[in-house]
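Each residue of the sequence shown is one higher than the one before, starting from 42 at the first, in the working numbering.
For every residue, glycine included, the Cβ atom is placed at its ideal position computed from N, Cα and C.
To start, the structure itself, in structure tokens.
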Amino acid sequence: MHPLRNLSDFEKKVLKGLSQCGCGSECHSLGIAVSGGADSLSLLLSLSSIFGSEKIRVITVDHGIRSGEESGGDAHFVRNLCEAKGVKCKIVKIEGGLIEKLARRQKKSIEDLARKIRYEAFEAFIKEEGLSFLALAHNQNDQLETVLMRFLQGSGTEGLAGISRVRGKYIRPLLDISRDEIESYLIKKNQEWRTDETNFETKYLRNKVRNLLIPFLRENFPGFGKALLNGAKKARWDEEFFQLKAKDCHTDIRRRCTQIDADKKEISFKRDEFYSLHKALSRRVFVSALNEAGFGERFPFYLLDEILLWKNEKKRELSFENVKVSLDEGTLCLFVGEKGIGRSCTQIDEDDEGIESGFSFVLKKPGDKAVTADFEAEVSSGEFGQVDEGFGELLAGGRKILDVKLPVLVRSLLSGDEIKTSDGKYKALSDVFTDWKVPKNLRGKIPVVEEIGEKGEIVAVLGENCGFKNWIVKK
42 MHPLRNLSDF EKKVLKGLSQ CGCGSECHSL GIAVSGGADS LSLLLSLSSI FGSEKIRVIT
102 VDHGIRSGEE SGGDAHFVRN LCEAKGVKCK IVKIEGGLIE KLARRQKKSI EDLARKIRYE
162 AFEAFIKEEG LSFLALAHNQ NDQLETVLMR FLQGSGTEGL AGISRVRGKY IRPLLDISRD
222 EIESYLIKKN QEWRTDETNF ETKYLRNKVR NLLIPFLREN FPGFGKALLN GAKKARWDEE
282 FFQLKAKDCH TDIRRRCTQI DADKKEISFK RDEFYSLHKA LSRRVFVSAL NEAGFGERFP
342 FYLLDEILLW KNEKKRELSF ENVKVSLDEG TLCLFVGEKG IGRSCTQIDE DDEGIESGFS
402 FVLKKPGDKA VTADFEAEVS SGEFGQVDEG FGELLAGGRK ILDVKLPVLV RSLLSGDEIK
462 TSDGKYKALS DVFTDWKVPK NLRGKIPVVE EIGEKGEIVA VLGENCGFKN WIVKK
């Protein structure tokens, strides 16, 4: 580490942030995620001053979301700067358009999927370089945006606590430093930075918060930022307490953890003891069990809320993606199986044969069926093409509905679903159902047919099983 007397005030503030992250002179190697923007460049320059170039490693990820010239230009900019500083740099390039394609197919936002892929690259980089920590450039402005976003998304204290300073080997030494301070530091260093033009688009939630909501709050509620950050700190203290209590409760009431095979895991709790907990604790115990069993996704709150109301039920069961939750006279059991495509959600009790509130079926070959209490569809080879070419006919009600390219996904409605109209544009299925006057309690029962492929587009909506018409996209 370089002598402290040579550090600027900004670099001393970064050093303080490092200390709060538990990273000091004992760090034998420190990684930095650098995008080319002002935040990550200030981190690169300040950590170079603090540690020297020989002790740090840089990774930059080209997500392939923007044009090749823009995204690739950022990566080259970072690499050239690292070469000038004598810092080792790794560029990870994602195939152009891949993230958008996967986001459509998996029904996830581009932001969420880009983050997932980026962190997978980070994990590999940490392992390859044997890093003590990987520093990320989230700053005070990011913290404000995150807390506001999570409030708007209905988060509890775990979300309102904002971005954590340390998570495993990931550290954020800039969390107490504002964007204005960062830019002032770079200007004094005579260091240019890259600007991602997508930061100004308001189609992403974070950009809406950054470009629309925060300027409004600053104009109309002076000092809101300090109050919000103080509130986040209180939420973090509360969440740390709840997590400790939940950990103790988890240990006390857990009955067993069974590894059924490499892809399946079962965790169960003593029923009476689980439901004797306050919901603030039972919710965290449940989520902790999901994580331990390897689910690793967001479990819908409305389903969790329902599970927490099972206290006086004799027997219940529901499923979501690859998670099955069941209740009997003595046990609440979580079963996490092999990851599948789509989602299903079924509730069952002793007096009900089954209420479908969501379903998905992947039909891969002739003879495969999609069956619920309300409809049945089957793939036949038909005359559209040879079976080995991956084509077939989708049959419902004993008659042909449409030709499909296999595999095909037959599922229930998801938020954001759109279907192509006759003029080549797209219309939200929620608007289609409104036009058809479909009651809300029936919308989840109407099958949506989606071809699984490069585009992953919806090719049909089968409303006839519920007394409505079908919408078939003509090829």
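Residue nearest to residue i in terms of C-alpha spacing, selected from the options
{"i": "Ser360", "options": "Ile499, Leu375, Gln284, Ile228", "result": "Leu375"}
{"i": "Trp351", "options": "Arg120, Leu253, Lys320", "result": "Lys320"}
{"i": "Arg259", "options": "Arg208, Glu186, Asp289", "result": "Glu186"}
{"i": "Asp237", "options": "Asp80, Lys406, Val490, Leu443", "result": "Asp80"}
{"i": "Leu483", "options": "Phe474, Ile106, Glu491", "result": "Phe474"}
{"i": "Ile460", "options": "Arg98, Lys516, Glu141, Val188", "result": "Lys516"}
{"i": "Ser463", "options": "Val500, Phe192, Asn261", "result": "Val500"}
{"i": "Cys68", "options": "Lys311, Glu358, Glu498, Ile97", "result": "Ile97"}
{"i": "Ile228", "options": "Pro407, Phe51, Lys57", "result": "Phe51"}
{"i": "Gly439", "options": "Phe416, Val451, Asp153", "result": "Phe416"}
{"i": "Asp221", "options": "Gln181, Leu254, Val128", "result": "Gln181"}
{"i": "Val328", "options": "Ser317, Lys355, Asn353, Cys290", "result": "Cys290"}
{"i": "Val451", "options": "Gly58, Glu338, Glu419", "result": "Glu419"}
{"i": "Gly209", "options": "Leu373, Leu48, Thr413, Cys62", "result": "Cys62"}
{"i": "Leu373", "options": "Tyr245, Phe336, Tyr316, Phe166", "result": "Tyr316"}
{"i": "Gly137", "options": "Ala165, Ser367, Gly105, Asn47", "result": "Gly105"}
Local conformation of residue i per DSSP, three classes
{"i": "Phe376", "result": "strand"}
{"i": "Glu164", "result": "helix"}
{"i": "Glu52", "result": "helix"}
{"i": "Arg247", "result": "helix"}
{"i": "Gly337", "result": "coil"}
{"i": "Phe118", "result": "helix"}
{"i": "Cys64", "result": "coil"}
{"i": "Lys131", "result": "strand"}
{"i": "Arg98", "result": "strand"}
{"i": "Ser76", "result": "coil"}
{"i": "Leu368", "result": "strand"}
{"i": "Ile140", "result": "helix"}
{"i": "Leu455", "result": "coil"}
Range covered by the alpha helix (DSSP H) that runs through residue i
{"i": "Glu281", "result": "265–294"}
{"i": "Ser471", "result": "470–477"}
{"i": "Leu404", "result": "Element bounds for Leu404: not the alpha helix (DSSP H) but the beta strand (DSSP E), 401–404."}
{"i": "Arg312", "result": "312–317"}
{"i": "Ile91", "result": "79–92"}
{"i": "Phe342", "result": "342–348"}
Start and end residues, beta strand (DSSP E) containing residue i
{"i": "Trp512", "result": "511–513"}
{"i": "Leu450", "result": "449–452"}
{"i": "Asp444", "result": "440–446"}
{"i": "Lys481", "result": "Run containing Lys481: none in the beta strand (DSSP E); it sits in the alpha helix (DSSP H), 481–484."}
{"i": "Arg357", "result": "357–361"}
{"i": "Arg259", "result": "Segment 255–261 is the alpha helix (DSSP H) holding Arg259; no beta strand (DSSP E) there."}
{"i": "Phe416", "result": "It is not in any beta strand (DSSP E) - Phe416 carries neither H nor E in the DSSP assignment."}
{"i": "Ser70", "result": "Where Ser70 is concerned, there is no enclosing beta strand (DSSP E), given that its DSSP letter is neither H nor E."}
{"i": "Glu492", "result": "489–492"}
{"i": "Ile499", "result": "499–503"}
Cβ shell of residue i (< 7 Å), same chain only, five flanking positions each side left out
{"i": "His179", "result": "Ile204, Arg213, Leu215, Leu216"}
{"i": "Asp279", "result": "Thr198"}
Own chain partners of residue i with C-beta closer than 6 Å, once the 5 adjacent residues on each side are dropped
{"i": "His487", "result": "Just to set this straight, residue 487 is Ile in the shown sequence, not His. So the list reads Gly504, Cys507, once near-sequence residues are dropped."}
{"i": "Arg277", "result": "Ala202"}
{"i": "Val75", "result": "Ser81, Leu85, Val99, Thr101, Val119"}
{"i": "Gln194", "result": "none"}
{"i": "Ala330", "result": "Ile308, Leu375"}
{"i": "Cys123", "result": "Val99, Cys130"}
{"i": "Glu224", "result": "Ala79"}
Cβ shell of residue i (< 8 Å), same chain only, five flanking positions each side left out
{"i": "Ser70", "result": "Lys96, Ile97, Arg98, Glu170, Gly171, Leu172, Ser173"}
{"i": "Ser385", "result": "With a pLDDT of 38 at Ser385, under the threshold of 50, the modelled position of this residue cannot be trusted; read the value that follows with caution. Here the set comprises Ser360, Phe361, Glu362, Gly399, Phe400, Ser401."}
{"i": "Leu322", "result": "Phe283, Lys286, Ala287, Cys290"}
{"i": "Val479", "result": "Ile487, Gly504, Cys507, Phe509"}
{"i": "Ile167", "result": "Gly72, Leu175, Lys210"}
{"i": "Val141", "result": "Just to set this straight, residue 141 is Glu in the shown sequence, not Val. The residues are Ile106, Ile151."}
For a minimum of 3 consecutive residues, which ranges assigned as the beta strand (DSSP E) are wholly contained in the stretch 152–221? Taken in chain order, the whole beta strand (DSSP E) runs of length 3 or more contained in the stretch 152–221 are 174–176.
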